[in-house]
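There are 2 protein chains.
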Amino acid sequence: MIENNTDNSLLLFKLLVPEMLPVFQKRYTILRTIKYNQPIGRRLLAERLALGERGVRSEIDFLKDHNLLESNAAGVSLTEEGKKLLPQLSLLIHKVEGLAPLENYLAQKLDLTKVVIVPGDADQNCEILHELGQASGAFLRDVVQDQWVIAVTGGTTMAEVAHNIPQTVGKKDVLVVPGRGGLGEDVEIQSNTIAAEIAQRLGASYRLLHVPDGIQNETLEPLLSDHKVQEVINLSKKANLLVHGIGIPEVMALRRDSDWQSIQRYSRKEPVGEAFGTYFAADGSVALVTPTVGPKVEDIAKLDMVVAVAGGKSKADAIMSVLRASFVDVLIVDQGAAEVIKKQIEE
Amino acid sequence: MIENNTDNSLLLFKLLVPEMLPVFQKRYTILRTIKYNQPIGRRLLAERLALGERGVRSEIDFLKDHNLLESNAAGVSLTEEGKKLLPQLSLLIHKVEGLAPLENYLAQKLDLTKVVIVPGDADQNCEILHELGQASGAFLRDVVQDQWVIAVTGGTTMAEVAHNIPQTVGKKDVLVVPGRGGLGEDVEIQSNTIAAEIAQRLGASYRLLHVPDGIQNETLEPLLSDHKVQEVINLSKKANLLVHGIGIPEVMALRRDSDWQSIQRYSRKEPVGEAFGTYFAADGSVALVTPTVGPKVEDIAKLDMVVAVAGGKSKADAIMSVLRASFVDVLIVDQGAAEVIKKQIEE
DNA sequence: TCCTCACGGGTCATTTTATATCCCGCTATT
DNA sequence: AATAGCGGGATATAAAATGACCCGTGAGGA
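In structure tokens, the structure reads:
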């Protein structure tokens, strides 16, 4: 009833003064961008936000007049007041954008237990990945129980998740393990590195998996027979919780110096999405499995809780292909991806 | 907590997009003015709202685009949607303007049991009197109990109250009596007429008091000895509820063709407010009692519930003078008067 | 019945506001 | 000491809000 009243106020404002919405979003975006880049100059900010320099300047002046920003020779920064305001604004944006209904809609249509949508679009504002990380981190912190085993994968998104998990006092006997080897890429986004960081932030312990990706099966087998490797792999196959990112095959191939042509050639179908080293076709079927250690689709389907994290309009197709494989339980996305997915569902 | 959330949303909007507030108010005022004057033309509307013709036009176009208005050859009118929206907007304006806190503040500072504030200023928009009437009417309807006797006075404000009391099924045995004779002025705003209309709308019965105001005491006495007159006067002296307007002495003198000079001469102090034929000085003391029938200040002070209704910035002083006499329990005013009163209290 | 007045809609010059793009002196970092 | 990037100032330009008309038309009063 009273809650209804809140929504009602919003509806009335949106109905009677709709021109304020873009302004509200603009100012929120500016504050958020400053939060993640402070101190930052006016020009850089304008470039990053794809706005005119003078426009940004007017807004900065406005926000400064309201004591949300302060500026010195290094650039503008958030004041204490501004810092306090941002989380509240985030909630309000969530309401204004109607993200709660969208979350419910997607959860129902996609048969997921939970959908979390973060306002914004990672394609347009790269700091949305931070927000995505924070949301995922908060979710992890809330959901993890004592003595759980958490498996995580690599990737830039997962790296952000790791960086943004709030430092918490440790749950008891929680163990974080990498979901695959993944020594083929930048150490910053390897699953090992990410597992370690998540463990550290959760106050949990961790095991590592020192097996390179993409090597031939013959070379792999002796490694697999190692009992320490075996143990970690078995742990990840029976994890209570798996958190993974979702990749766009073409982009991943580029990053890993793999040959996109050959991936396509060896695929049974056109791969449009990737998760834990498996490429999925648009219909959710497996297009290609890269030779790597770690759990396969059939293992993952048995897990209690699989959390997928991804952001950006461009990842919508990849996300859909993975979701159609029906092993994901919780989806944490940004608004950009969520809205594209909604459109696809409606068609 | 959730309520808090509502206020919080409003606060955040007001903080981050303050420029929308005047627009919101403007559009609300336009809708409200149309409601009371439909169908009305663009120019007339502009004149009444003291806005430019073109500005009003843009807003009308906007509201028409949103299906809140429709226009024909006679002028613009509210659509069904617009009619439904207005009460909700009224509530929202009440929140936006922070009138609830203001009501509490005034109630506490002025030692009143209840204060009701209607958005707007009757001096600027005469239709605010209608709103004031509606608010008073709603209050009356809610508060009146079976077998109550209600005494009412005359005046333009009270006439509006009468016109706007929602037609309700009758309470049992409610009786409405005029608080004074008042045959000296326009029949439309005589207390007799008003008593009759209020009674009709409440489904109550009424008695009338056919005694002219302002006549000499010698002429008055034989009338007072009439037992029907006596009965009505006694009823009003023991009423459960008295509703009265508040007048500005100078204005009233003008309307009644009385001599303002002589009123001043016979007054003990400078009269700044009037209620039921009694003129009050700024400190709340009685400045002059016009020769009339009906309850005096000392009678009224004994009543359980005295409701004062008044609107317009210009009436603030008059209201204060009456309130200082300390017999009013409930004050129903408009925002214009309320804000001036608040300022006076703070000084 | 006609007549007239106010209606909505169209137009356009004017003013006000927003925007884009420089320049400058400063300061913190290299 | 050099320099890159900062905030602040200035100005030409584009855009939008405004004010002031006219016009054909339909409703309501005579």
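The listed protein sequences derive, respectively, from chains A and B. Whatever position you read off the first sequence (first residue = 1), add 111 for the working numbering. Whatever position you read off the second sequence (first residue = 1), add 111 for the working numbering. No residue lacks a Cβ here, since even glycine has one placed at the ideal position from N, Cα and C.
Can you give me the start and stop residues for the alpha helix (DSSP H) that residue i sits inside?
{"i": "His-241/B", "result": "239-254"}
{"i": "Val-340/A", "result": "338-348"}
{"i": "Val-167/B", "result": "164-176"}
{"i": "Ala-211/A", "result": "210-220"}
{"i": "Val-128/B", "result": "Here Val-128/B belongs to no alpha helix (DSSP H), and DSSP marks it neither H nor E."}
{"i": "Ala-273/B", "result": "267-275"}
{"i": "Ala-412/A", "result": "Per DSSP, Ala-412/A belongs to no alpha helix (DSSP H) and is neither H nor E."}
Going straight from the alpha carbon of residue i to that of residue j, what length do you get?
{"i": "Phe-438/B", "j": "Ile-300/B", "result": "23 Å"}
{"i": "Val-340/A", "j": "Arg-291/A", "result": "11 Å"}
{"i": "Phe-391/A", "j": "Gln-372/A", "result": "16 Å"}
{"i": "Ile-261/A", "j": "Tyr-147/A", "result": "28 Å"}
{"i": "Phe-387/A", "j": "Thr-279/A", "result": "27 Å"}
{"i": "Ile-357/B", "j": "Ala-270/B", "result": "12 Å"}
{"i": "Ile-374/B", "j": "Ala-218/B", "result": "32 Å"}
{"i": "Leu-313/B", "j": "Arg-165/B", "result": "44 Å"}
{"i": "Lys-413/A", "j": "Val-255/A", "result": "18 Å"}
{"i": "Ile-113/A", "j": "Lys-194/A", "result": "Note that Ile-113/A scores 42 on pLDDT, short of 50, meaning its location in the model is unreliable; the coordinates nonetheless yield the value given after this. When rounded, the distance between both Cα atoms is 28 Å."}
{"i": "Pro-406/A", "j": "Leu-132/A", "result": "46 Å"}
{"i": "Tyr-139/A", "j": "Gly-422/A", "result": "19 Å"}
{"i": "Val-54/A", "j": "Leu-156/A", "result": "Residue 54/A lies beyond the range of chain A shown here (112 to 458); nothing can be said about it."}
{"i": "Ile-344/B", "j": "Ile-305/B", "result": "16 Å"}
{"i": "Ala-161/A", "j": "Glu-191/A", "result": "26 Å"}
{"i": "Val-263/B", "j": "Glu-170/B", "result": "41 Å"}
Under the three-state reduction of DSSP, which class applies to residue i: helix, strand or coil?
{"i": "Ile-359/B", "result": "coil"}
{"i": "Asn-148/A", "result": "helix"}
{"i": "Val-298/B", "result": "helix"}
{"i": "Ser-396/A", "result": "coil"}
{"i": "Val-433/B", "result": "helix"}
{"i": "Lys-225/A", "result": "strand"}
{"i": "Pro-289/B", "result": "strand"}
{"i": "Pro-484/B", "result": "Outside the shown range of chain B (112 to 458) lies residue 484/B, about which nothing can therefore be said."}
{"i": "Gln-261/B", "result": "Per the sequence presented here, residue 261/B reads as Ile, with Gln not at that position. Three-state DSSP puts Ile-261/B in a strand."}
{"i": "Ile-113/A", "result": "Summary for Ile-113/A: the model assigns pLDDT 42, below 50, so the residue's position carries little reliability, and this model does not support an answer."}
{"i": "Val-354/A", "result": "strand"}
{"i": "Ser-425/B", "result": "helix"}
{"i": "Val-451/A", "result": "helix"}
{"i": "Ala-306/A", "result": "helix"}
{"i": "Ser-373/B", "result": "helix"}
{"i": "Ser-378/A", "result": "coil"}
{"i": "Ile-456/B", "result": "helix"}
Measure the beta-carbon distance from residue i to residue j and round it to whole angstroms, keeping in mind my assumption that it falls under 8 Å.
{"i": "Val-227/B", "j": "Glu-214/B", "result": "7 Å"}
{"i": "Val-354/A", "j": "Val-272/A", "result": "7 Å"}
{"i": "Val-229/A", "j": "Glu-208/A", "result": "No, Val-229/A and Glu-208/A are not in contact; Cβ-Cβ is about 10 Å, not under 8 Å."}
{"i": "Gln-149/B", "j": "Ser-182/B", "result": "Gln-149/B to Ser-182/B, Cβ: 10 Å. No contact."}
{"i": "Gly-244/B", "j": "His-274/B", "result": "6 Å"}
{"i": "Met-416/A", "j": "Asp-440/A", "result": "5 Å"}
Would residue i pass as a contact of residue j if the rule is Cβ separation under 7 Å?
{"i": "Ile-151/B", "j": "Gly-186/B", "result": "yes"}
{"i": "Val-397/A", "j": "Ala-427/A", "result": "no"}
{"i": "Ser-316/B", "j": "Leu-352/B", "result": "no"}
{"i": "Val-420/B", "j": "Thr-268/B", "result": "yes"}
{"i": "Glu-342/B", "j": "Pro-360/B", "result": "no"}
{"i": "Arg-168/B", "j": "Arg-153/B", "result": "yes"}
{"i": "Leu-399/A", "j": "Ser-378/A", "result": "yes"}
{"i": "Ser-425/B", "j": "Asp-234/B", "result": "yes"}
{"i": "Gly-265/A", "j": "Ser-302/A", "result": "yes"}
{"i": "Thr-389/B", "j": "Val-362/B", "result": "no"}
{"i": "Val-404/A", "j": "Ala-393/A", "result": "no"}
{"i": "Asp-257/B", "j": "Lys-282/B", "result": "yes"}
{"i": "Ile-430/B", "j": "Ala-246/B", "result": "no"}
{"i": "Ser-120/A", "j": "Leu-203/B", "result": "yes"}
{"i": "Gly-395/B", "j": "Ala-436/B", "result": "yes"}
Counting along the chain, where does the beta strand (DSSP E) carrying residue i start and finish?
{"i": "Asn-183/A", "result": "180-183"}
{"i": "Phe-391/A", "result": "389-392"}
{"i": "Gly-186/A", "result": "186-189"}
{"i": "Ile-90/B", "result": "Here chain B has residues from 112 to 458 only, and residue 90/B is not among them."}
{"i": "Pro-72/A", "result": "It is not possible to answer for residue 72/A, since the shown part of chain A is limited to 112 through 458."}
{"i": "Ala-419/B", "result": "416-420"}
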